[in-house]
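One structure is given below, encoded as structure tokens.
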Amino acid sequence: MSHRRVPDPSASTPELTRAAPAPWITRAAAACAVLLGLLAALGPASPAAAVEPLNVPSRITDQVGALTGSTAEVEASLDRLSQDTAYDLFVVFVDGFSGREGEQWARETAAASGLGAEDVILAVAVDDRRYGMWVQSAGEITEEEATRVRVDLVEPRLAAGDWGGAAVAAADGLRDAALGTGTAASGGGGGGFGTLLVIGLVVVLGILVVRSLVRRRSAAGKAGAQPAGAAPQGLAALPTPELNRRASQALVAIDDALTTSAQELGFAQAQFGLEATRQFGAALEEARARVSEAFRWRQQLDDSTPETEPQARQIMIAIIETCQVAADSLDAHTDEFEKMRDLQARAPQVLDDAEQRATEVAARVEPARATVAQLATTYPAAALASVTPNPDQASALLAGAHESVARGREALTADDRGAAVGAARAAQDAVAQAVTLLDAVDRAGQDLARAGTDLTAAIASIGADFADAERLAPREPAVQAAVQAGRAAASAAEAARTGGDPLAALRDVRAAEARLDETLEPFRERAEHEARARAQLDDQLGRLASHIRAVHDYIETRRGAVGPEARTRLSEAARLAQQAHRDAATDATGALSLAHRAGELANEAQQLAQLDVQDWEDQRRQRSGYGGFGGGGSNVGGMVLGGILLDSLLRGGGGGFGGGGFGGGGFGGGGGGGDGGGFGGGGRF
Numbered sequence: 001m002s003h004r005r006v007p008d009p010s011a012s013t014p015e016l017t018r019a020a021p022a023p024w025i026t027r028a029a030a031a032c033a034v035l036l037g038l039l040a041a042l043g044p045a046s047p048a049a050a051v052e053p054l055n056v057p058s059r060i061t062d063q064v065g066a067l068t069g070s071t072a073e074v075e076a077s078l079d080r081l082s083q084d085t086a087y088d089l090f091v092v093f094v095d096g097f098s099g100r101e102g103e104q105w106a107r108e109t110a111a112a113s114g115l116g117a118e119d120v121i122l123a124v125a126v127d128d129r130r131y132g133m134w135v136q137s138a139g140e141i142t143e144e145e146a147t148r149v150r151v152d153l154v155e156p157r158l159a160a161g162d163w164g165g166a167a168v169a170a171a172d173g174l175r176d177a178a179l180g181t182g183t184a185a186s187g188g189g190g191g192g193f194g195t196l197l198v199i200g201l202v203v204v205l206g207i208l209v210v211r212s213l214v215r216r217r218s219a220a221g222k223a224g225a226q227p228a229g230a231a232p233q234g235l236a237a238l239p240t241p242e243l244n245r246r247a248s249q250a251l252v253a254i255d256d257a258l259t260t261s262a263q264e265l266g267f268a269q270a271q272f273g274l275e276a277t278r279q280f281g282a283a284l285e286e287a288r289a290r291v292s293e294a295f296r297w298r299q300q301l302d303d304s305t306p307e308t309e310p311q312a313r314q315i316m317i318a319i320i321e322t323c324q325v326a327a328d329s330l331d332a333h334t335d336e337f338e339k340m341r342d343l344q345a346r347a348p349q350v351l352d353d354a355e356q357r358a359t360e361v362a363a364r365v366e367p368a369r370a371t372v373a374q375l376a377t378t379y380p381a382a383a384l385a386s387v388t389p390n391p392d393q394a395s396a397l398l399a400g401a402h403e404s405v406a407r408g409r410e411a412l413t414a415d416d417r418g419a420a421v422g423a424a425r426a427a428q429d430a431v432a433q434a435v436t437l438l439d440a441v442d443r444a445g446q447d448l449a450r451a452g453t454d455l456t457a458a459i460a461s462i463g464a465d466f467a468d469a470e471r472l473a474p475r476e477p478a479v480q481a482a483v484q485a486g487r488a489a490a491s492a493a494e495a496a497r498t499g500g501d502p503l504a505a506l507r508d509v510r511a512a513e514a515r516l517d518e519t520l521e522p523f524r525e526r527a528e529h530e531a532r533a534r535a536q537l538d539d540q541l542g543r544l545a546s547h548i549r550a551v552h553d554y555i556e557t558r559r560g561a562v563g564p565e566a567r568t569r570l571s572e573a574a575r576l577a578q579q580a581h582r583d584a585a586t587d588a589t590g591a592l593s594l595a596h597r598a599g600e601l602a603n604e605a606q607q608l609a610q611l612d613v614q615d616w617e618d619q620r621r622q623r624s625g626y627g628g629f630g631g632g633g634s635n636v637g638g639m640v641l642g643g644i645l646l647d648s649l650l651r652g653g654g655g656g657f658g659g660g661g662f663g664g665g666g667f668g669g670g671g672g673g674g675d676g677g678g679f680g681g682g683g684r685f
């Protein structure tokens with residue numbers, strides 16, 4: 001809306017320059033082809049020839065010579081698919097899709113060619129750098145499996161310019177899906193590690209690609225200042241849905257980078273002291289401030305007040321560029337930081353220390369289980385939902401730490417110090433997350449016990465509001481409606497004292513009191529209201545800090561599953577809580593309102609994070625045939641959930657905190673729906 005400040009990317013973020021390559025780029029040699037392909041995609045492109053949907057004459061149609069030298073390999077993969085399954089794959093390489101989306105072009109080509117019910121078409125526009133896949137009808141291959149083939153197998157190879165490899169990957173992936181021999185069909189305890197490692201490596205490849213994009217923002221191509229009549233370039237040229245996807249992706253990546261950076265800084269502070277690491281701490285705080293602002297903009301997009309599309313696009317571009325600036329500020333210190341820690345030289349000692357620490361922390365697991373069991377005799381399951389799985393997850397993380405130590409020692413024996421450092425870091429991170437989980441269990445009893453005392457005070461406090469309502473506005477409908485809701489919350493809180501959920505009851509009473517206070521505000525003297533607000537504020541801010549910390553711990557230890565929505569709510573809750581602290585002395589009423597809003601956002605963050613984790617667990621069970629942390633591959637599962645496996649694979653023997661760029665051209669796109677029983681998808685690469 002016009003009254004809301006929309007960030008100006010050209011004003012709010014400094015000019016971005018290409019930084020010196022971070023060490024992790026040189027160590028990620030396997031991704032070089034992907035990066036080169038993507039960087040090429042960012043360069044000026046000549047207009048692609050417009051090709052209308054075709055009547056394809058055979059299984060291979062190559063109008064641009066993309067398959068030169070690999071035709072035989074592609075034909076062999078197509079033969080394997082048709083011989084072993086009921087499916088045939090048709091591959092088409094052209095210059096452009098005549099302005100159509102890839103999925104639409106593929107679907108129309110399938111129709112024009114009269115393809116059968118069990119035929120699949122993969123269409124690639126080499127100059128447009130778009131592609132589409134269309135499956136004529138659902139059968140042995142589900143839409144989910146086809147999407148996985150497209151996104152996990154085909155897109156990375158297209159992004160690298162490996163046209164023949166993309167066609168072979170499509171054929172082999174469809175064959176595995178139809179036969180039930182691929183990722184979706186592998187199950188049982190023994191296959192868990194391989195399945196999760198494949199998933200992890202695919203995600204790593206995607207993150208490496210995203211992080212390695214260098215944003216091209218010349219004076220003539222800035223998103224906010226394009227020459228009159230010039231075609232949009234860079235981020236400004238992206239469709240709004242793609243821009244929105246990249247903004248969300250950038251927030252998740254930089255949020256994880258901040259978590260990793262904080263852990264690395266903590267390790268260095270313990271080793272070298274605060275003074276030697278002061279500049280790294282300052283860089284981290286600066287990056288956190290930028291990311292907090294980016295999350296605030298994301299919350300602005302997500303709230304109930306809509307922006308115009310140009311305003312929304314401007315905010316999305318600002319989010320991407322702000323995340324890039326934060327990443328650059330972290331990466332600027334990478335080389336010096338790595339030299340200070342010199343992990344490659346100290347890898348044997350670090351592995352020994354991690355193993356010893358994992359053994360020490362493991363002694364806390366059984367007491368934590370006993371604590372949860374004891375709390376369960378007093379409190380309902382809902383009150384313990386955030387800590388009940390913590391002992392099992394901590395145990396899986398510690399087992400994963402021991403496995404990482406073993407892999408690190410094997411790497412040392414093979415004189416692969418880079419791999420040893422990656423394993424050492426994974427072990428350190430796993431132990432740190434296990435400690436956070438077990439600390440949360442230790443605090444749970446205190447928090448719940450304090451909630452009982454706080455509940456008594458809250459019921460008394462809202463009772464005073466009832467008296468004020470009767471005294472000041474006995475016939476005011478809005479006030480009396482708030483009184484009725486407050487009495488219901490107070491009654492439920494009384495019941496929660498004996499076997500209920502005191503934390504939830506306390507939140508409900510506080511929320512009801514806040515609504516009642518709002519309706520009474522016009523009827524109270526300002527001084528009285530301020531005094532009451534100040535009396536509530538200290539207690540509210542204390543509980544809010546505990547709540548935000550608990551949600552932060554939950555997300556941090558499950559960051560491999562938690563998406564941008566929960567992180568956005570939590571970041572905004574933390575920002576509002578800080579603002580409430582600043583305003584407390586001068587505007588207690590306003591600060592209390594901010595604190596209540598921060599509490600609501602923290603609740604939303606917790607709910608969204610729990611939904612993300614549940615979705616992650618469901619997908620994991622569907623992919624591998626087991627669930628929870630008790631089956632095969634559970635240790636790796638815990639490390640994937642915690643974001644540790646991907647992080648260690650990304651960083652290897654060292655590397656940048658922030659990664660590369662977020663905003664350049666990329667691969668990937670949305671899936672498409674179907675009609676007549678078919679389905680497909682596509683996008684840019």
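Under full-length UniProt numbering, think of the first position of the sequence shown as 1, with each following residue one higher.
A virtual CB, placed ideally from N, CA and C, is assigned to each residue, including glycine.
Within the same chain, show all residues whose beta-carbon is closer than 7 Å to that of F289, passing over the 5 residues directly before and after it, in chain order.
Walking along the sequence shown from the start, residue 289 turns up at place 289. The residue you asked about is not Phe; residue 289 is Ala in the sequence shown. Nothing listed; no residue qualifies.
The alpha helix (DSSP H) enclosing R507, as first and last residue numbers
Your numbering for residue 507 matches position 507 in the sequence shown. Per DSSP, R507 belongs to the alpha helix (DSSP H) from P502 to L520.
How many whole angstroms separate the CB atoms of F679 and A146, which I take to be in contact at a CB cut-off of 8 Å?
By one-based count along the sequence shown, residue 679 stands at place 679. By one-based count along the sequence shown, residue 146 stands at place 146. That belief holds up - the Cβ atoms of F679 and A146 are roughly 7 Å apart, short of 8 Å.
Could you give the DSSP three-state label for A385: helix, strand or coil?
Residue mapping note: residue 385 aligns to position 385 of the sequence shown, counting from 1. Looking at A385 - three-state DSSP - the assignment turns out to be coil, as it is neither helix nor strand.
Within the same chain, show all residues whose beta-carbon is closer than 7 Å to that of E286, passing over the 5 residues directly before and after it, in chain order.
Locating residue 286 in the sequence shown gives position 286, where the first residue counts as 1. If we look at E286 and ignore the five residues flanking it on each side, its Cβ neighbours are S329.
Taking 8 Å as the threshold, find out whether the region 553-572 comes into contact with the region 504-524 through three or more Cβ pairs.
Contact between the region 553-572 and the region 504-524 is absent, because fewer than three Cβ pairs lie under 8 Å.
Cα-Cα, which of G563, D465, L503 and A490 is closest to R532?
On the sequence shown, residue 532 is found 532 positions in, with the first residue counted as 1. Among G563, D465, L503 and A490, the Cα nearest to that of R532 is on D465.
With DSSP collapsed to three states, give me the class of R684.
Taking the first residue of the sequence shown as position 1, residue 684 is located at position 684. Strand at R684.
Does DSSP put G678 in a helix, a strand or coil?
Walking along the sequence shown from the start, residue 678 turns up at place 678. G678: coil per DSSP, three-state reduction.
L89 - DSSP class collapsed to helix/strand/coil
Translated into the one-based positions of the sequence shown, residue 89 becomes position 89. Reduced to three states, the DSSP call for L89 is strand.
Cα-Cα separation, G599 to L537
The residue you call residue 599 lines up with position 599 of the sequence shown. The residue you call residue 537 lines up with position 537 of the sequence shown. Answer to the nearest angstrom: the Cα atoms are 12 Å apart.
Tell me, please, whether the CB atom of H581 is closer than 7 Å to any CB atom in chain C?
In the displayed structure, chain C is absent; only one protein chain is listed.
Are V154 and A123 closer than 7 Å when you measure CB to CB?
Within the sequence shown, numbered from 1, the residue matching residue 154 stands at position 154. Within the sequence shown, numbered from 1, the residue matching residue 123 stands at position 123. No, the Cβ-Cβ distance between V154 and A123 is not below 7 Å.
Just to confirm the assignment, what range does the beta strand (DSSP E) spanning T61 have?
Position 61 of the sequence shown holds residue 61. Taken as a continuous stretch (DSSP letters only), the beta strand (DSSP E) holding T61 covers I60 to D62.
I want to know whether the region 125-134 touches the region 85-105 - three or more CB-CB distances under 8 Å.
Because the criterion of three Cβ pairs below 8 Å is met, the region 125-134 and the region 85-105 touch.
Do L594 and A580 count as a contact pair if the criterion is CB distance below 7 Å?
For the purposes of this step, residue 580 is taken as residue 580 along the sequence shown, with counting starting at 1. For the purposes of this step, residue 594 is taken as residue 594 along the sequence shown, with counting starting at 1. A contact, by the Cβ cut-off of 7 Å.
Candidates L284, S113 and R313: closest to A326 by CA position:
As a first step, residue 326 must be located in the sequence shown, where it is residue number 326. Answer by Cα proximity: L284.
Bridge partners for G132 per DSSP, in chain order?
Sequence index remark: in the sequence shown, residue 132 carries index 132 (1-based). According to DSSP, G132 bridges with A123 and G682.
Suppose contacts are defined by Cβ-Cβ distances below 7 Å. Is A591 in contact with A584 by that definition?
Position 591 of the sequence shown, counted from the start, is the residue given in the question as residue 591. Position 584 of the sequence shown, counted from the start, is the residue given in the question as residue 584. Going by C-beta atoms, A591 is nearer than 7 Å to A584.
Would the region 437-455 count as touching the region 372-381 if we require 3 or more Cβ pairs under 8 Å?
yes
Pull up the distance between the alpha-carbon of Q433 and that of E556, whole angstroms please.
The residue labelled residue 433 in the question sits at position 433 within the sequence shown. The residue labelled residue 556 in the question sits at position 556 within the sequence shown. Going by the C-alpha atoms only, they are around 8 Å apart.
Which residues in the same chain as W297 place their Cβ atom closer than 7 Å to its Cβ, once the five residues preceding and following it in sequence are excluded?
The residue labelled residue 297 in the question sits at position 297 within the sequence shown. Counting only Cβ-Cβ distances below 7 Å, and skipping sequence neighbours, we find P7, I315, A318 and I319.
For D468 and V483, I'd like the C-alpha separation in whole angstroms.
As a first step, residue 468 is located in the sequence shown; it is residue number 468 there, counting from the start. As a first step, residue 483 is located in the sequence shown; it is residue number 483 there, counting from the start. In a straight line, the C-alpha of D468 is about 10 Å away from that of V483.
Just tell me which of D553, Q622, L438 and A457 has its CA closest to the CA of V365.
By 1-based counting over the sequence shown, the position of residue 365 is 365. Closest option to V365, Cα to Cα, is L438.
Less than 8 Å between the CB atoms is what I'm expecting for D172 and S304, so what's the real figure, rounded?
The count along the sequence shown starts at 1 and reaches residue 172 at position 172. The count along the sequence shown starts at 1 and reaches residue 304 at position 304. Actually they do not touch by this definition, with Cβ atoms about 47 Å apart.
Alpha helix (DSSP H) containing H581: first to last residue?
Here residue 581 corresponds to residue number 581 of the sequence shown, with the count starting at 1. Per DSSP, H581 belongs to the alpha helix (DSSP H) from P564 to D583.
Is the beta carbon of V252 less than 7 Å from the beta carbon of P53?
On the sequence shown, residue 252 is found 252 positions in, with the first residue counted as 1. On the sequence shown, residue 53 is found 53 positions in, with the first residue counted as 1. No, these two residues do not count as a Cβ contact at 7 Å.
Within its chain, find whatever has a CB closer than 6 Å to the CB of S292; leave out the 5 residues flanking it on each side and keep chain order.
As a first step, residue 292 must be located in the sequence shown, where it is residue number 292. Excluding positions up to five away in sequence, the list reads S571 and R575.
Reference A399; option with closest CA among A504, V361, A345 and V350:
Position 399 of the sequence shown holds residue 399. The option with the nearest alpha carbon to A399 is V361.
Can you give, in chain order, each stretch of the beta strand (DSSP E) that sits fully within the region 521-557 and has at least 3 residues?
none
For D454, is the classification buried or exposed, using 16 other Cβ atoms within 10 angstroms of its Cβ as the cut-off for buried?
For the purposes of this step, residue 454 is taken as the residue at position 454 of the sequence shown. The residue is buried, with at least 16 neighbouring Cβ atoms inside 10 Å.
Spell out the partners DSSP gives V94 in its beta bridges.
As a working mapping, residue 94 is identified with position 94 in the sequence shown. Its beta-bridge partners are A125.
Kindly indicate which three-state DSSP category A66 falls into: helix, strand or coil?
For the purposes of this step, residue 66 is identified with residue 66 of the sequence shown, where counting begins at 1. In the structure shown, A66 sits in coil (DSSP, three-state: anything other than H, G, I, E or B).
What does the Cβ neighbour count give for G69, buried or exposed, with the cut at 16 atoms within 10 Å?
Locating residue 69 in the sequence shown gives position 69, counting from the first residue. Label assigned to G69: exposed.
First through last residue of the alpha helix (DSSP H) which encompasses A160
The residue given as residue 160 occupies position 160 in the sequence shown. From DSSP, A160 is part of no alpha helix (DSSP H); its letter is neither H nor E.
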